[in-house]
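Novice:
2 protein chains.
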Amino acid sequence: MAYIATSLPPSLLPLKTSLARPRRLPASAAAAARSEEYFSLREYMSAKVERVNKALDEAVPLRPPQKIHEAMRYSLLAPAKRVIPVLAIASCEAVGGEEALAIPPACAVEMVIAMSFIHDDLPCMDDDDVRRGQPSNHRAFGEHTALLSGCALLSLAFQHVAERAAPLVPAERVVRMVAELGRAFGSEGMLGGQLVDKESEGKADVGLEELKYIHECKSATFFEAAAVCGAIAGGGGEEEVGRLRKYARRVGLSYQVMDDVLDVTSTSEELGKTAGKDVASDKAAYPKLMGVEGAREFAAELAERAVEELALFDPPKAAPLYHLARAIPCRKGKGSCA
Amino acid sequence: MAYIATSLPPSLLPLKTSLARPRRLPASAAAAARSEEYFSLREYMSAKVERVNKALDEAVPLRPPQKIHEAMRYSLLAPAKRVIPVLAIASCEAVGGEEALAIPPACAVEMVIAMSFIHDDLPCMDDDDVRRGQPSNHRAFGEHTALLSGCALLSLAFQHVAERAAPLVPAERVVRMVAELGRAFGSEGMLGGQLVDKESEGKADVGLEELKYIHECKSATFFEAAAVCGAIAGGGGEEEVGRLRKYARRVGLSYQVMDDVLDVTSTSEELGKTAGKDVASDKAAYPKLMGVEGAREFAAELAERAVEELALFDPPKAAPLYHLARAIPCRKGKGSCA
């Protein structure tokens, strides 16, 4: 007990302090880190999400020109799970960095997520009216404001890292983060994936390989950018950054597969966005290609393969990453913590 | 003559080598630098534009996913004057830096110019069919491709500086450039200005102050970002960077005033874009507020005030900046070198 108490971070200390029914203690800190009795993902997430929301709020103060900042804040600060920015923090902590170092890249990735949602909902893209439980940005502010505020969030992502990370970490790391974010979001990453995705609509012959490519570009890139930038900010070495990159790609794809599953199995209210969209638009999606159960199994398999990449890390420090990966195949939409 | 021959850069050596009619030589290198007989802006521009075009071509190779890169290249490589990227190079050289150091930020600014044109022409913005003498991006590739390829150019601008400037200049300078570009393009710069501009359409009471704000945000920011990043890349000190910032703001505003003038006085063919647009959309513009001649005079005054900021610099090194500012109030659209 003494060993666990001194070697585990506070988030891994036993949650239930009652001694009425003594529980068997894990044999080691490693086992404790992987036990749900000794680590609460919900508590970890909730503390980090609060931190991220505060930083996002501060990153885009309401100032002139008023309307563009209102529109940016509307989408950026809408209630959301913030799994991806938390992943940046957890990756930073996994390599031994402090939480504060990961906040700038965590915010940057969340800004680009908001931008991708704003643009995805535009009439010339998916033409959607609801996002994160509220009217989509162009429904609330008009189309040209949605276009411009989305771009402003993209631009701010890079600026934010350059301005806010620079005093905390060496300039070389900031430059690596900017380059990484650019590769993740750009024409060979998220934006290229959005275009391939859009053009695949209504195509009858989209196979698993193409779908995997689209999902990796569109979604897994966010997970990857977050984990890699978090690790860079925290001072991770090449091997650590490489492992977390693989971990995040798999977790990201697992998340997206579950997104497809939830699109089929949930109501719009549960999702906070229009449900059944993929089916309605005859869009290729995992449940269509491998059935709902097959897709669930694939998501679980991806999560297990992600966890394998964590073997190198100090188990207590990597505990949040372990539990995050494991929680994704079990997620149930809006209410779940992943 | 010997003094001039050894102290002037090649671009300042006399253009006409004929000795048939000996001309009076300027009394000093400073005078030579400001003499049009001893400096050809056209030759300087043409050499730099070639260098910039080559770098832009290499920056966006045609690769999968094919369509987004085709669309990016279509707008980025369309024939253009490239005044702004050349300004980045000239500013770098004015502080004593080599041309090569300014190429990455020069390309970055040109990428964002292309992005702003693509998005400006979209149906939800100005809904324009022609740009730089060819069908606008969404007319050629469709609306969603135009949206995404514009964003990809914006993202690439930051990535390009991080990847290409980093081996040439210290990381601290790269971080400063990324922050500067973000401020110039973002919600308080170009993108915010585009929104205020769009919202001012049809408003009867747009005054000179508001118009100046719109033009400074929308256009002068590009000049400012280019000059400042060029100076940072070249290793300029705070005083030099500050002077070039002021110089560029004035040159940028002068350029935009002349743009308004040309919109009224030229044909679409001369401009390479739809002429008379501002009048047709009842958009506030300088000729409307101060008359064509008044606007021309204002542009000339701004250029003179820009030139005042160059007093600090070595005249031969600052010669391109001097001549560039002077050429702007005389520009005549597509064919002119400014």
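First to last, the sequence lines map onto chains A and B.
Going by my numbering, the first sequence opens with residue 765, and the numbers climb by one from there.
Going by my numbering, the second sequence opens with residue 765, and the numbers climb by one from there.
Just so it is clear, CB atoms sit at the ideal spot from N, CA and C, and this is done for glycine as well.
If we require 4 or more residues per run, which alpha helix (DSSP H) segments fall completely within the stretch 956 to 992 of chain B?
Specialist: Counting only runs of 4 or more, we get 972 to 979.
Novice: Which residue from A:L851, A:S810, A:L841, A:V824 puts its Cα closest to that of A:L1008?
Specialist: The candidate whose alpha carbon is nearest that of A:L1008 is A:L851.
Novice: Can you give the beta carbon distance from A:R896 to A:P843, rounded, assuming they're within the 8 angstroms contact cut?
Specialist: That pair is a contact at about 7 angstroms.
Novice: Closer than 7 angstroms, CB to CB, is B:L1088 near chain A or not?
Specialist: No, B:L1088 does not count as interfacial toward chain A.
Novice: Mark B:P825 as exposed unless 16 or more other C-beta atoms lie within 10 angstroms of its C-beta, in which case mark it buried.
Specialist: The residue is exposed, with fewer than 16 neighbouring Cβ atoms inside 10 Å.
Novice: Determine the burial state of B:K818: buried for a count of at least 16 other Cβ atoms within 10 Å of its Cβ, exposed for fewer.
Specialist: Looking at its Cβ environment, which holds fewer than 16 other Cβ atoms inside 10 Å, B:K818 is exposed.
Novice: Would a C-beta distance cut-off of 7 angstroms place A:S1018 and A:A1067 closer than the cut-off?
Specialist: Contact flag set, yes.
Novice: Quick check on A:S919: buried or exposed, where buried means 16 or more other Cβ atoms within 10 Å of its Cβ?
Specialist: A:S919 is buried by the Cβ-count criterion.
Novice: Are any of the Cβ atoms in chain A nearer than 7 angstroms to that of B:C888?
Specialist: For B:C888, the answer is yes, since a Cβ of chain A falls inside 7 angstroms of its Cβ.
Novice: Roughly how many angstroms lie between the CA atoms of B:A797 and B:S804, to the nearest whole one?
Specialist: Going from the Cα of B:A797 to the Cα of B:S804 covers about 10 angstroms.
Novice: Name the residue from B:A1082, B:D885, B:A989, B:A1049 whose alpha carbon lies nearest to the alpha carbon of B:N901.
Specialist: B:N901 has its Cα closest to that of B:D885, out of B:A1082, B:D885, B:A989, B:A1049.
Novice: Got a sec: which bits of the stretch 915 to 943 of chain A sit with their beta carbon under 7 angstroms from any beta carbon on chain C, in order along the chain?
Specialist: No chain C appears in the structure shown, which is made up of the protein chains A and B.
Novice: Counting only runs of 4+ residues fully inside the stretch 809 to 847 of chain B, write out the alpha helix (DSSP H) ranges in chain order.
Specialist: Fully enclosed alpha helix (DSSP H) runs of 4 or longer: 830 to 840.
Novice: In chain A, what lies closer than 7 angstroms to B:F949 by C-beta?
Specialist: Those are S919, listed as they occur along chain A.
Novice: Given a cut-off of 7 angstroms on the beta-carbon distance, is the pair A:Y977 and A:V1021 in contact?
Specialist: Cβ distance not < 7 angstroms, so A:Y977 and A:V1021 don't count as in contact.
Novice: Taking Cβ-Cβ distances shorter than 8 angstroms, what residues in chain B pair up with A:Q958?
Specialist: The answer, in chain order, is L912.
Novice: Any beta carbon from chain A within less than 7 angstroms of B:G946's own beta carbon?
Specialist: It does; some Cβ of chain A falls within 7 angstroms.
Novice: Residues of chain B with CB closer than 8 angstroms to the CB of A:I832, please, in chain order.
Specialist: In chain order: S951, L955, G956, L959.
Novice: Output the distance between the C-alpha atoms of B:K1096 and B:P1084, rounded to the nearest integer angstrom.
Specialist: One C-alpha to the other measures close to 19 angstroms.
Novice: So what does DSSP say about A:V933, is it helix, strand or coil?
Specialist: Correct three-state label for A:V933: coil.
Novice: Buried or exposed: B:K1081, going by 16 or more other Cβ atoms within 10 Å of its Cβ?
Specialist: The residue is buried, with at least 16 neighbouring Cβ atoms inside 10 Å.
Novice: Any C-beta of chain B sitting closer than 7 angstroms to the C-beta of A:P829?
Specialist: Closer than 7 angstroms to some Cβ of chain B, the Cβ of A:P829 qualifies, so yes.
Novice: Under 7 angstroms between C-beta atoms, does B:E907 make it to chain A?
Specialist: So, interface residue.
Novice: Keeping to the same chain, check which residues put their C-beta closer than 7 angstroms to that of A:R837; ignore five residues upstream and five downstream.
Specialist: Excluding sequence neighbours, A:R837 sits near V824, L826.
Novice: Give me, in chain order, the residues of the same chain whose beta-carbon lies closer than 7 angstroms to that of A:P1093; leave out the 5 immediate sequence neighbours on both sides.
Specialist: Contacts found: S1018, M1022, R1060, A1063, A1064, A1067.
Novice: Looking only at its own chain, which residues have a Cβ that is under 8 angstroms from the Cβ of A:K831, when we skip the five neighbours before and after it?
Specialist: Taken in chain order, the residues that qualify are F905, T909.
Novice: Are A:I853 and A:K812 closer than 7 angstroms when you measure CB to CB?
Specialist: In contact: A:I853 and A:K812 (Cβ atoms closer than 7 angstroms).
Novice: In the DSSP assignment, find the unbroken alpha helix (DSSP H) run with B:D1023 in it and report its ends.
Specialist: It spans 1002 to 1029 - the alpha helix (DSSP H) in which B:D1023 sits, taken as one unbroken run.
Novice: Using a cut-off of 7 angstroms between C-beta atoms, extract the partners of B:H979 located in chain A.
Specialist: Those within 7 angstroms of B:H979 in chain A number zero; the least Cβ separation is about 14 angstroms.
Novice: Give a yes or no on whether 7 angstroms exceeds the smallest Cβ distance from A:A1082 to chain B.
Specialist: Output row for A:A1082: interface = no.
Novice: Quick one: what's got a C-beta closer than 6 angstroms to B:S983's C-beta in the same chain, skipping five residues either side?
Specialist: Same-chain partners within the cutoff: G1016, Q1020.
Novice: Can you tell me whether DSSP reads B:V1120 as helix, strand or coil?
Specialist: Nothing about residue 1120 of chain B can be read from this structure; chain B reaches only from 765 to 1102.
Novice: What is the C-beta distance between A:P1091 and A:A1070, in whole angstroms, given that I count them as a contact (C-beta under 8 angstroms)?
Specialist: According to the sequence as given, residue 1091 of chain A is Ala; it is not Pro. Actually they do not touch by this definition, with Cβ atoms about 12 angstroms apart.
Novice: Among A:L820, A:E800, A:I877, A:A1075, which one has its Cα closest to the Cα of A:L841?
Specialist: Of the candidates A:L820, A:E800, A:I877, A:A1075, the one whose C-alpha sits nearest the C-alpha of A:L841 is A:L820.
Novice: Just to make sure I have the definition right: I need the residues of chain B whose C-beta is within less than 8 angstroms of the C-beta of A:M836. Which are they?
Specialist: Near A:M836 (Cβ distances below 8 angstroms), the residues of chain B are S951.
Novice: If the cut is a Cβ gap below 9 angstroms, which residues of chain A does B:K962 touch?
Specialist: Those within 9 angstroms of B:K962 in chain A are H908, T909, L912.
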